Amino acid sequence: MPELKTMGLFFVTAVAEILGCYLPYLWLKEGKSIWLFVPAAICLGLFAWLLSLHPTAAGRVYAAYGGVYIFVAILWLWLVDGIRPTMWDIVGVLVALLGMAIIMFAPRNI
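The numbering of the sequence shown is this note's numbering, which starts it at 322 and goes up by one.
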């Protein structure tokens, strides 16, 4: 069950990071309100806090988190940007998730 908790936490963390970056993007590229920086800052603070909740070494968490971030970013591409992922996007996501699983869940002698 810790694997599901880790994946869920990584997923929520990735959404917070993407929102924290996407909201200023809307101001820069689409002329939306500068007030979007307020929820963006909150999202980025939440992102940093969520990463701190993992019980393993920070460097390992950051490395593994990248795999889930790639998955969520491609999901965002599809659901928010309306661009269907290519086969190569999906292959890349699978490779990234495999890397994440190896980094986070491999047996260790601590």
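We treat Cβ as the ideally placed atom computed from N, Cα and C, and that holds for glycine.
Predicted model only: the values in this text are computed from it and were never measured.
Quiz item: Going by beta carbon distance, what residues of the same chain come within less than 8 Å of Trp-348, once the five residues before and after it are set aside?
Solution: Ser-354, Ile-355, Leu-357, Phe-358
Quiz item: What residues in its chain sit with their C-beta under 7 Å from that of Arg-405, if we drop five residues either side in the sequence?
Solution: Trp-399
Self-check item: Leu-340 versus Glu-324 - alpha carbon distance
Solution: 24 Å
Self-check item: Residue range of the unbroken alpha helix (DSSP H) whose run includes Leu-325
Solution: 323-351
Self-check item: Nonlocal neighbours in the same chain, by C-beta distance under 8 Å from Val-393, ignoring five residues either side
Solution: Phe-332, Ala-335, Val-336, Ile-339
Quiz prompt | Leu-418 and Gly-388 closer than 9 Å at C-beta | solution = yes
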